[in-house]
Each structure stands twice: as structure tokens, then as C-alpha cells.
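**Q** From first to last, the protein sequence lines stand for chains A and B. Counting in our numbering, the first sequence runs from 25 upward without gaps. Counting in our numbering, the second sequence runs from 221 upward without gaps.
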Amino acid sequence: MNAPLPGASAMGDGAAVLARARLSIPGMHCAGCIAKVERLLGAADGVYGARVDFSEKSVAIDHDAAQIDVPQLVRTLEQNGFAAHPILTLDEAADSADAAAARHHAMLLSALGVAAFASMNIMLLSVSIWSGLAGNGRTIFHWLSAAIAVPTVIWSGRPFFQSAWGAVRHGRTNMDVPISIAVLLTTGMSLYETATHGPHAWFDGAVMLLFFLLGGRVLDSMMRERARAGASALMAAGAAGAMLVDGTGRAVWHAASAIRAGDMMLVAAGERLAADGVLIDAAARIDQSILTGEAASIPFAKGQMLLAGMLNLDAPIRVVARAVGDDRRIAELARAMRDAGQQKSRYVRIADRAARLYTPVVHALAALGFLGWMVAGAGAHQSLLVAVAVLLITCPCALGLAVPVAQVVASGALMRSGLLVKDGSALERLAECDMVLLDKTGTLTLGRPVPQSLDGLDATARAVALALAQASSHPLSRGLARSLNEAGAVPADVSDIAETPGIGMQGLWQGQKVTLGRHATGQDAAQDVGMSVTLTIGDGAAHVIVMEDVLRPDATAALGALRSLGMPQQIISGDGAAAVAKVAQALTLSATATADPDAKLALIERLRAEGKRVLMVGDGLNDGPALAAAHASIAPSSASDVGQQAADMVFMGDSLNALPRAVRAARMTQRVVRSNFMLAIIYNVIAVPMAMAGWVTPLVAAVAMSSSSLIVVANSLRLVRAAR
Amino acid sequence: MTAGLLFLIPVALGLGLLGLFAFQWALRSGQFSDLDGAAMRILIEDEGEGDTPLEGDARNG
């Protein structure tokens, strides 16, 4: 059922077009869902195979594009209760960067496996040498060790050699330079010792060094890998293509990349636009939450410009594409975000800052040891052995593990408490932030309409309203249904439910006509456009349910907690002054209103110039550049895809308490990282004089290296409770 | 240095190599690409595709 079956394509009519589609299915959460999705798709005509990737919450489908197209695949799933969206990437560069990161991760894992095998087996051989094996036996064992160690160093050392060479070539130095020198020098020296039947070979030390360091690298990349899967899982909405009306009036589905300016797109209700374009029907109601983060139904008139990513709420509309591909507004914002993100890539991580201090010290010590013994008349061979011992014993094992282990443990703790951390440097940057900028809609507020009060509705009205509301995908209906569900309402048995685009829902309940929708009298333009719904049951009086966007729960408490952590706050919002003032007053914060994406970016630049380190919390596409430019950034999981992509962290659920929790965990991680460095320094203070004195044998080195690494790992495990 | 070592060392190395090859094979065949999914799939009951569970086991879930 899972395997693609390319041989089964002999269907008779026409040529089969083998294609692979990827759909994101955010609602998958158990083994039953995996089985059901794969079975449903596998049973569809024209599908050869479907394979779920649960970490990514997506499914890859090999299918015959001539028999079944992507919208049909989506419909197959949606008819069975799985909301599915074709996966769309904002730009291909990000896509291929993803693939490269995944390949690098697999390469590190493979190198780690080889190093683990080699260090175990060389240790096996070394134990007998340390127990007193001498003469020919020792030489044979040394040669065996060499036969394992040399290929291992070549294979597993590549990540370090490549990075070190890259740094040296540009006249810089990083942590990988002393590592590479230590590994190569130790291996070379050991080969010489083996060839001359010497008593000590250090193959175990060299390989164990690689093993521990690769362990740190794998942890680091695992964290990024996990966040990468998370991010593309969250990239749910967005149109991967559109129905294009051709010359004969027939509508055929095309991928977004195949749409040209001037094409006419037919956008059904509930679909997103795949390109920017001009509306040619008389009117439309559009949800532009992907741009503003605010789920509301906005009226558009003929000739107005619609942007890619906007959601058509009502009747099917026709739109003539104007800007496609990279010219779309959404792609422009993506570019602005990428440029703003450059700033972040220049951030020097704490491990690299430590390496800048560490590298010259270690090289100087090794050189000093060599020269000292030469001056004392020990001979080049003996002196070189001391230098090798110094390089090996000061090996940055503990240093290499100090940062990644702490960050992996902390981000695991945060993930369990509903905070997704994209990479380790995000924790470092967050710990340094000293002020917060908050977007209003969707960040301080829930970003979805919630009824002001349900008190006006009795149990019957609630039951009917829920039955009608849950059958619609309109933002107001969804908000109402959610609140009713939370209030414990049970849907009434309403039959013949139908949705009239632009008007609302209607149905039959106990022989009476029931409706949920816009004000029948058309007075809704008067106040709060589209933010109230009316429920009628039979001939009874209409219930008007006023909906509004409310503050997130715990907003006041969470902001207070942030203030006590030394982080003052400001609001910056793209909304009108009146709406912003209301929230600002409720939270007693200063605020900037009607800020466009450029203004938000400019404010962050200005604060940076003043020496502030800004934590940006935002959700909308309009916050994207600001999220990318800020020192650190957090988005709610209700955020637009762009917001989630740009932010360093994403928090699940409604409560803003995630913010102080993230800051506290980040600062605690930073403290543990520093104590790890202290431990590594203490270890070196003891070990280096021993190495300089020439007391370090391969046995001592092996014990010292592994115990210092274990201590650092144990210290980092304290962070398991960091997210409390 | 006895004949025992001559025999045991290749055995030890061979077993280690076997483990290494098994790991590399698993890595290459994508078994590390969807760890969460793999944990879930063990719970899926296959329906009549050759490896049906034994009758006694079928009612456990």
C-alpha cells in the first residue's frame, strides 16, 4: 500500500503522466490518521502510492496527473475530514537550502556512526596494550588500530577539515582549526610511533575526539532539522496553483509557476489566490489575513487589486493575473525578509566567540610545550609527543559539547511546553534581548473574532447557532462555532443546511427555517463592518451576536512578567489609531499605529542604533521583515505562514505566558552554557600542566576526555526543567 | 599471543563492521527521516496484506 507502483500505469486511455504531489495535512495526529490517509489516497483511481511523513505532517503522493489532479487529491482527503493544502514554498532558494541541510545532517550522522564504530574497536585493542601487551603483539595491535583509524579520520573528519580549510583560506580561524590540527598531528605522530615500534600510539584519542565532537554537531543539526520539519508542517495555507480559464471557457488547474500575467484565474469560495491580479467580477468578499493577520471579511469591488495568498470567502470570482512568480507582493516581502535576515546571519554564536579566545591559547601552549622540552634537551621526537599530548588533552570535547547539548536539552523542554525553537542561536539571541515590540492584531489579541457575550442566547439558540456555524468556513462562523464549543453547546439536528455566499447559512430545524448571517436589513455598513452576525429561528426575534477580537488570555500577566525580567514593551501595529489606542490603554503601553512593514523595519533599525536588542513578537505577513530583522523574534502558531517562517520561535496555544517562559528558559540555557565553559576551563587548568609535564599517556588522555565530556552533558541535563 | 586472539579479533571487528553497515544501510534507506511516524506506524493494523497479525493478537487494540 505504501510503495509506489510505477508498473501499474497501463490504464489504456492516453499517456499516464507520473507526478509527485506533496500535501500538508496539519490535522494528522495519530497512527489511525496515517493509516487512513494512506488508505484513502491509495484507493483513489490514478494514485500509485502515498507515503505519510508524520514529522512533517505531510504526504507524498505518486499519481497519474492525467487521471487525477491536485485539487481532486485535496478533495479526496477533505471529504473524509482531513484539511489538506498543497505545499507551497515562498521561493525555491529556501527549498533547496532545506534539501542541502537535510543532506548535511545525514552526512554528519553517517560520520558519527563510523567514528563510533572505530573508537569502540580501537579502544578494544588499546585495552590490551594498556594492560601490558608488549613486543610484536603491541606492534600488530597498533597496525590494526591504524588500519581502522586512518580511514575513519579521513571519512569522519571531513566536516571539520572542510570548515577549517574554509576559515584558514580566508585568513580566519574557528574552532575547527585546532580540532583538525590535533586530529591530523595525532594520527601522523601515531603512525610514526607504530612504524618505529614505539610504546604509545594515540589512535584512540584521535578517533574519540572526532566521536565526541561529531556528537555535538549532530545534536546541533538535529535541533535545526526538527524545527525545519516543524516549519514546513506549519506552512499550510497558500495556493500552489489555480484554475485557469482558457480560450474555450474551460477551466484547467495549473501550478502557480505556470501562471502568466494576463491569465484569467477562477477562484472558488474558500480558495486562495496564486498570483496578484485584478478583480473583474462586480464584487467579492476577501479574507486578507495572510497580509494583515486579521481574519475579517473585507469587501472588494471590480477593478481592485487582489494579492496572492488572499482567501476568497464568497462566490467564485474571476481575477486576471497581473503579477506572477517573483513579482508578487508576497514574494517581494519574502525578499525583504531575506535581506533583513542577513543581519542575523552575521551574529557570532557563543561557541565561535569562545573559539576565538581558545584557539590561540591552545596553539601557544602546544608550541610552548614543544619549545620548552627542546630547550631542556629532550630531542625533537619527545618534544613533539608533548605538543601532541597538549593538543589532544585540551581538545575542545567539552567545549564542543558545552553549547549544543545545553541548547538541545532546553529546546526539547520548550517544545514539550509548546514552544518551537528554530535553532540554537535563537536561544542565545533571545537571552540577550532587553526590550519587546509587539504587534497588535493576532499577537496581543487572538486575531479571530470572538462573540462579546453569549448570554443573550439560550440553550436552543446556542445549539442551532452551532449547527449552522460549524458548517461554514467563514471566519465569523468559525469564531462563533469555536466559542460555542468551548461553552459546551451541542449542535442541534439541523437539516438542509445551505450556505449562500455573502448572505449566510440557512437550514431547517424542527420544521422551522433557521438562518445565521448578515443583518437582513443591510445596516451592517453602519458600524463595525462584518463584525456581527444575526441568528433567526422561525419567526422569532433575531439575535444579534456582536463579535470582536479580544486580548489573548494572560496578556496582562505575561507582559508584567516580561517587565520584571527587565524587558519594557511597545506596541507597533498596522491598524488604525483608534483600535490600537484601545489595546494600548488596556495594557498601559505606548503604541505606534498605522505602521507599514517598512515603518516597522525602520523602528527596529532605529532601536538597534540606540543599542537596544529588540525581541519582536508578531504574526502577520506585514510583520515578516520586522521579525527577520529583530535581534530575536517569536510568532504565535496562529500566525501567517510567513510570520512563522520569519520568526525564531513559534508558540502554540493562545496564552501569551509563552513569552516570559521562553525568555526565562533562554537565559537559564545561557547560564548553563557559561557554567559548562567554566567546567571545561577548570578541566584544562588541571590537564594542561600534566600534558606539559609529559605525564599524559594515551590511557590518561582517554579517561580525561571522556570524563570531561560526561560532566558537561550531565550539567546540561539540568535544563530538562527549563521551561517551567 | 595465542591462536585464540587470531580468531577473536577478526570476529570482534567483523561484528562491529556488521553493525556499522547496518547503520549506514538504515540511514541510506531513509529510516531516520521520519522518526515520529515510525513510532506511530507500529500501531497500524495491516489489513490482509500478507503480514496479517496472528488471530490471537488481532483483538488486543
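Even glycine gets a Cβ: it sits at the ideal position worked out from N, Cα and C. As the structure is a computational prediction, the values presented were derived from the model and not from experiment.
(1) Quick check: what's the CA-CA separation for D88 (chain A) versus R44 (chain A)?
(2) Which residue marks the beginning of the beta strand (DSSP E) containing W533 (chain A), and which one marks its end?
(3) What residues of chain B sit near V76 (chain A), judged by a beta carbon separation below 7 Å?
(4) For F324 (chain A), which residues does DSSP report across the bridge?
(5) Between the segment 665-679 of chain A and the segment 444-460 of chain A, do at least 3 Cβ pairs fall closer than 8 Å?
(6) Which same chain residues end up closer than 7 Å to D520 (chain A) when comparing Cβ atoms and leaving out the 5 residues on each side of it in sequence?
(7) So that I know if they touch, is there some Cβ in chain B lying closer than 8 Å to that of G156 (chain A)?
(8) From the DSSP output, read off the bridge partner residues of D77 (chain A).
(9) Indicate the three-state DSSP secondary structure (helix, strand or coil) for F241 (chain B) in the structure shown.
(10) With a threshold of 8 Å between beta carbons, is L228 (chain B) in contact with chain A?
(11) Between A260 (chain A) and chain B, is the shortest Cβ-Cβ distance under 8 Å, so that the two count as touching?
(12) Would G224 (chain B) count as contacting chain A if we go by Cβ distances under 8 Å?
(13) What separation, rounded to the nearest whole angstrom, lies between the Cα atoms of D548 (chain A) and V557 (chain A)?
(14) Between which two residues does the beta strand (DSSP E) holding P649 (chain A) run?
(15) Which residues of the segment 235-252 of chain B have a Cβ closer than 9 Å to any Cβ of chain A? Give them in chain order.
(16) Once you ignore the five residues that flank Q312 (chain A) on each side, which residues in its own chain have a CB closer than 7 Å to its CB?
(17) Going by alpha carbons, who is nearest to A430 (chain A) out of A:E452, A:L500 and A:V410?
(18) Between which two residues does the alpha helix (DSSP H) containing D200 (chain A) stretch?
(19) Quick check on I92 (chain A): buried or exposed, where buried means 16 or more other Cβ atoms within 10 Å of its Cβ?
(20) Looking only at its own chain, which residues have a Cβ that is under 6 Å from the Cβ of E572 (chain A), when we skip the five neighbours before and after it?
(21) Give me the residue from A:R637, A:A332, A:V343 and A:L680 with the minimum Cα distance to R353 (chain A).
(22) Less than 8 Å between the C-beta atoms of V414 (chain A) and G401 (chain A), yes or no?
(23) Assign R99 (chain A) to one of three DSSP states: helix, strand, or coil.
(24) Nearest chain B C-beta to A137 (chain A) closer than 8 Å, yes or no?
(25) Can you tell me whether F227 (chain B) is helix, strand or coil according to DSSP?
(26) What three-state label does DSSP hand I146 (chain A) in the structure shown?
(27) Secondary structure at T580 (chain A), three-state DSSP: helix, strand or coil?
(28) Determine the direct distance from the alpha carbon of E523 (chain A) to that of M529 (chain A), and round the result to whole angstroms.
(29) Nearest to L583 (chain A) by alpha carbon, out of A:D563, A:A725, A:A686 and A:F185?
(30) Please report how far the alpha carbon of I561 (chain A) lies from the alpha carbon of G294 (chain A), in whole angstroms.
(31) In whole angstroms, what separates the C-alpha of S143 (chain A) from that of V412 (chain A)?
(32) Does M247 (chain A) pass the burial test, meaning 16 or more other C-beta atoms within 10 Å, or should it be called exposed?
(33) Are the beta-carbon atoms belonging to S597 (chain A) and A626 (chain A) less than 8 Å from one another?
(34) Counting only C-beta atoms, is A59 (chain A) closer than 8 Å to chain B at any point?
(35) Leaving out the 5 sequence neighbours to the left and right, which residues in its chain are closer than 7 Å to P340 (chain A) when beta-carbon positions are compared?
(36) So, are the CB atoms of T418 (chain A) and N708 (chain A) less than 8 Å apart?
**A** Looking at the atomic coordinates:
(1) What you label residue 88 (chain A) is simply residue 64 of the first sequence in a count that begins at 1. What you label residue 44 (chain A) is simply residue 20 of the first sequence in a count that begins at 1. Distance between the alpha carbons of D88 (chain A) and R44 (chain A) is about 9 Å.
(2) Translated into the one-based positions of the first sequence, residue 533 (chain A) becomes position 509. Start and end: G528 to W533.
(3) Here residue 76 (chain A) refers to the residue found at position 52 of the first sequence. What V76 (chain A) touches in chain B: G257.
(4) One-based indexing of the first sequence puts residue 324 (chain A) at position 300. DSSP lists A:A308 as partners of F324 (chain A).
(5) The segment 665-679 of chain A vs the segment 444-460 of chain A: in contact.
(6) On the first sequence, position 496 is the one that residue 520 (chain A) refers to. Sequence-distant Cβ neighbours of D520 (chain A) in its own chain, meaning closer than 7 Å and more than five residues away, are G531 and L532.
(7) The residue you call residue 156 (chain A) lines up with position 132 of the first sequence. No, no contact with chain B.
(8) Looking up residue 77 (chain A) in the first sequence gives position 53. Answer is A:S82.
(9) Numbered from 1 along the second sequence, position 21 holds the residue referred to as residue 241 (chain B). Helix at F241 (chain B).
(10) Sequence index remark: in the second sequence, residue 228 (chain B) carries index 8 (1-based). L228 (chain B) does not count as touching chain A.
(11) Along the first sequence, one-based indexing puts residue 260 (chain A) at 236. Only weak support exists for where A260 (chain A) lies, its pLDDT of 37 falling under 50; the coordinates are left without a value.
(12) On the second sequence, position 4 is the one that residue 224 (chain B) refers to. It does not; no Cβ of chain A falls within 8 Å.
(13) Residue mapping note: residue 548 (chain A) aligns to position 524 of the first sequence, counting from 1. Residue mapping note: residue 557 (chain A) aligns to position 533 of the first sequence, counting from 1. The predicted model places D548 (chain A) with a pLDDT of 43, which falls under 50 and marks its position as unreliable, so this point remains unresolved.
(14) As a position in the first sequence, residue 649 (chain A) is number 625, starting the count at 1. From DSSP, P649 (chain A) is part of no beta strand (DSSP E) but of the alpha helix (DSSP H) over G648 to A653.
(15) Residues of the segment 235-252 of chain B that bring their beta carbon within less than 9 Å of a beta carbon in chain A comprise G236, L237, G239, L240, F243, Q244, L247, R248 and F252, in sequence order.
(16) For this step, residue 312 (chain A) is matched to residue 288 along the first sequence. Correct list, in chain order: I322 and M334.
(17) Taking the first residue of the first sequence as 1, we reach residue 430 (chain A) at position 406. With distances taken between Cα atoms, A430 (chain A) lies closest to A:E452.
(18) Position 176 of the first sequence, counted from the start, is the residue given in the question as residue 200 (chain A). D200 to A219 is the extent of the alpha helix (DSSP H) around D200 (chain A).
(19) Start at 1 with the first residue of the first sequence, and residue 92 (chain A) comes out as number 68. Here I92 (chain A) is buried. Its C-beta has 16 or more other C-beta atoms within 10 Å.
(20) Locating residue 572 (chain A) in the first sequence gives position 548, counting from the first residue. Cβ within range, chain order: Q476.
(21) Position 329 of the first sequence holds residue 353 (chain A). When only C-alpha atoms are compared, the closest one is A:A332.
(22) Residue 414 (chain A) sits at position 390 when you count from the first residue of the first sequence. Residue 401 (chain A) sits at position 377 when you count from the first residue of the first sequence. Against a cut-off of 8 Å, the Cβ pair of G401 (chain A) and V414 (chain A) comes out as no contact.
(23) For the purposes of this step, residue 99 (chain A) is identified with residue 75 of the first sequence, where counting begins at 1. R99 (chain A) sits in a helix when the DSSP states are folded into three classes.
(24) Translated into the one-based positions of the first sequence, residue 137 (chain A) becomes position 113. In the sequence on display, residue 137 (chain A) carries Gly and not Ala. Closer than 8 Å to some Cβ of chain B, the Cβ of G137 (chain A) qualifies, so yes.
(25) Here residue 227 (chain B) refers to the residue found at position 7 of the second sequence. For F227 (chain B), the three-state secondary structure derived from DSSP is helix.
(26) For the purposes of this step, residue 146 (chain A) is taken as the residue at position 122 of the first sequence. DSSP places I146 (chain A) within a helical segment (H, G or I) once states are collapsed to three.
(27) Counting from one through the first sequence, the residue named residue 580 (chain A) turns up at place 556. Helix at T580 (chain A).
(28) Position 505 of the first sequence, counted from the first residue, corresponds to residue 529 (chain A). Position 499 of the first sequence, counted from the first residue, corresponds to residue 523 (chain A). Whole-angstrom Cα-Cα distance: 4 Å.
(29) Here residue 583 (chain A) refers to the residue found at position 559 of the first sequence. With distances taken between Cα atoms, L583 (chain A) lies closest to A:A686.
(30) Locating residue 561 (chain A) in the first sequence gives position 537, where the first residue counts as 1. Locating residue 294 (chain A) in the first sequence gives position 270, where the first residue counts as 1. The straight-line gap from Cα to Cα measures roughly 27 Å.
(31) Within the first sequence, the letter at position 119 stands for residue 143 (chain A). Within the first sequence, the letter at position 388 stands for residue 412 (chain A). Straight across, the Cα-Cα distance linking S143 (chain A) with V412 (chain A) is about 19 Å.
(32) Stepping through the first sequence from its first residue, residue 247 (chain A) is reached at position 223. Counting the other CB atoms within 10 Å of its CB gives M247 (chain A) a total of 16 or more, which places it among the buried residues.
(33) As a working note, residue 597 (chain A) is residue 573 in the first sequence. As a working note, residue 626 (chain A) is residue 602 in the first sequence. No. Outside cutoff.
(34) As a first step, residue 59 (chain A) is located in the first sequence; it is residue number 35 there, counting from the start. So, interface residue.
(35) On the first sequence, residue 340 (chain A) is found 316 positions in, with the first residue counted as 1. If the five residues before and after P340 (chain A) are omitted, its C-beta is found closer than 7 Å to the C-beta atoms of L290, V291, A292 and A293, all from its own chain and listed in chain order.
(36) Position 394 of the first sequence, counted from the first residue, corresponds to residue 418 (chain A). Position 684 of the first sequence, counted from the first residue, corresponds to residue 708 (chain A). Yes, the Cβ-Cβ distance between T418 (chain A) and N708 (chain A) is below 8 Å.
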